[in-house]
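Colleague:
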Amino acid sequence: MRMLDETTASAYFGSMAESYDSLIRRAVPRYDEMLVRLVDYLPRSASNIMELGCGTGNLSLALAERYPEASLTFLDAAPEMLATTSARLERAYPSSVGRTRFVESVFEKIDSRLGTFDLVTSSISLHHVADKESLYKNIYALVEPGGTFRFSDQLRGGSVAIHELNWRRWLEFCRSPENCSEEEVASLLEHAAAHDHYTPLQEHFRLLRIAGFTKLDCVWRNLIWGIVTADCS
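In this text, residue positions in the sequence shown follow the working numbering: the first is 2, and each later residue adds one.
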């Protein structure tokens with residue numbers, strides 16, 4: 002894995018599109034379980050779906066399988082990630098080609114001009130945005146009345162002590178012999194210091210309520226990762 006020398010989160014992830022799937026499972030404990038649980042808490046039916054930060058398409062493939070008739074919009078700031086997701090979808094679900102749209106954009110620029118959706122979802126991406134209040138207001142504008150917003154992300158602990166303990170346990174996982182090299186750990190830490198903005202769960206809830214979301218819950222959590230559910234009345 003290359004050391005971090007890019008100036009933006011999108012450039013960083015774009016540069017590692019080919020190695021991302023290997024790294025994510027060595028750097029995020031219980032990653033596949035988290036992805037399965039996120040999909041578990043998606044609505045049974047949806048006709049128009051937006052994924053924010055599609056990355057290499059791990060959640061995207063699950064969406065295409067779960068919703069075989071839905072229109073799918075995949076947004077990412079890295080063109081390399083969009084290309085990877087597009088290629089994977091075309092191979093795995095050729096019939097999805099006519100119902101997919103790919104949008105290159107940073108999260109800070111999303112608005113209702115993209116359309117409205119009965120499901121907006123995201124996997125480990127939103128922590129790259131510092132201004133969560135504006136982000137959630139913009140996402141709320143994308144969700145149709147009666148629609149849902151479901152995401153997994155990295156969370157700050159409710160206290161300094163809890164956050165530091167979670168962080169130490171994460172680093173222990175990364176540094177186990179079968180997972181990350183010290184070079185990879187250094188790159189992850191450098192990226193986190195430059196681009197990550199962790200928010201406590203209760204602050205997420207407060208900002209989601211300000212945006213207009215209701216029925217908030219955290220349905221899964223492990224160390225600094227969690228799954229949040231919210232509805233648009």
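Virtual Cβ for every residue (Gly too), placed ideally from N, Cα, C.
Can you tell me which of the three DSSP states V107 falls into?
Modeller: For the purposes of this step, residue 107 is taken as residue 106 along the sequence shown, with counting starting at 1. It is coil, neither helix nor strand.
Colleague: Who are the Cβ neighbours of H128 in its own chain at under 7 Å, not counting the five residues just before and after it?
Modeller: The residue you call residue 128 lines up with position 127 of the sequence shown. Within the same chain, H128 has close Cβ partners D154, Q155, D197, H198, Y199.
Colleague: Let me confirm a value: G54 is counted as buried when at least 16 other C-beta atoms fall within 10 Å, else exposed. Which label applies?
Modeller: Here residue 54 is taken as the residue at index 53 of the sequence shown, counted from 1. With 16 or more Cβ atoms within 10 Å of its Cβ, G54 is classed as buried.
Colleague: Whose C-beta lies closer than 6 Å to the C-beta of A131 among residues of the same chain, with five residues either side of it excluded?
Modeller: In the sequence shown, the residue the question calls residue 131 occupies position 130. Taken in chain order, the residues that qualify are H198.
Colleague: Assign V144 to one of two classes, buried (16 or more other C-beta atoms within 10 Å of its C-beta) or exposed (fewer than that).
Modeller: In the sequence shown, counting from the first residue as 1, residue 144 sits at position 143. Buried, by the Cβ-count rule.
Colleague: Can you name, in chain order, every residue of its own chain whose Cβ lies under 8 Å from the Cβ of E134, other than the five neighbours on each side?
Modeller: Counting from one through the sequence shown, the residue named residue 134 turns up at place 133. These residues qualify, in order along the chain: L208, I211, A212.
Colleague: Counting only runs of 4+ residues fully inside the segment 19 to 76, write out the alpha helix (DSSP H) ranges in chain order.
Modeller: 21 to 28, 32 to 41, 59 to 67
Colleague: How many Å lie between P80 and G158 at the Cα?
Modeller: In the sequence shown, the residue the question calls residue 80 occupies position 79. In the sequence shown, the residue the question calls residue 158 occupies position 157. So the alpha carbons of these two residues sit roughly 32 Å apart.
Colleague: Around the C-beta of L166, are 16 or more other C-beta atoms found within 10 angstroms, so that it is buried, or is it exposed?
Modeller: Walking along the sequence shown from the start, residue 166 turns up at place 165. Burial call: exposed.
Colleague: Skipping 5 residues on each side, what residues in its chain have a beta carbon closer than 7 Å to that of A194?
Modeller: Taking the first residue of the sequence shown as 1, we reach residue 194 at position 193. If we look at A194 and ignore the five residues flanking it on each side, it has no Cβ neighbours.
Colleague: Tell me whether the beta-carbon of Y68 lies closer than 7 Å to the beta-carbon of T230.
Modeller: Taking the sequence shown and counting its residues from 1, one reaches residue 68 at position 67. Taking the sequence shown and counting its residues from 1, one reaches residue 230 at position 229. No, the pair does not count as a contact, with Cβ atoms beyond the cut-off.
Colleague: Measure the C-alpha to C-alpha separation of T149 and W168 and round it to an integer number of angstroms.
Modeller: Residue numbering aside, residue 149 sits at position 148 when the sequence shown is read from its first letter. Residue numbering aside, residue 168 sits at position 167 when the sequence shown is read from its first letter. Straight-line Cα distance between these residues: approximately 30 Å.
Colleague: Run the CB neighbour count on V98, radius 10 Å, all protein chains shown included, and call it buried at 16 or more, exposed below.
Modeller: Here residue 98 corresponds to residue number 97 of the sequence shown, with the count starting at 1. Result: exposed.
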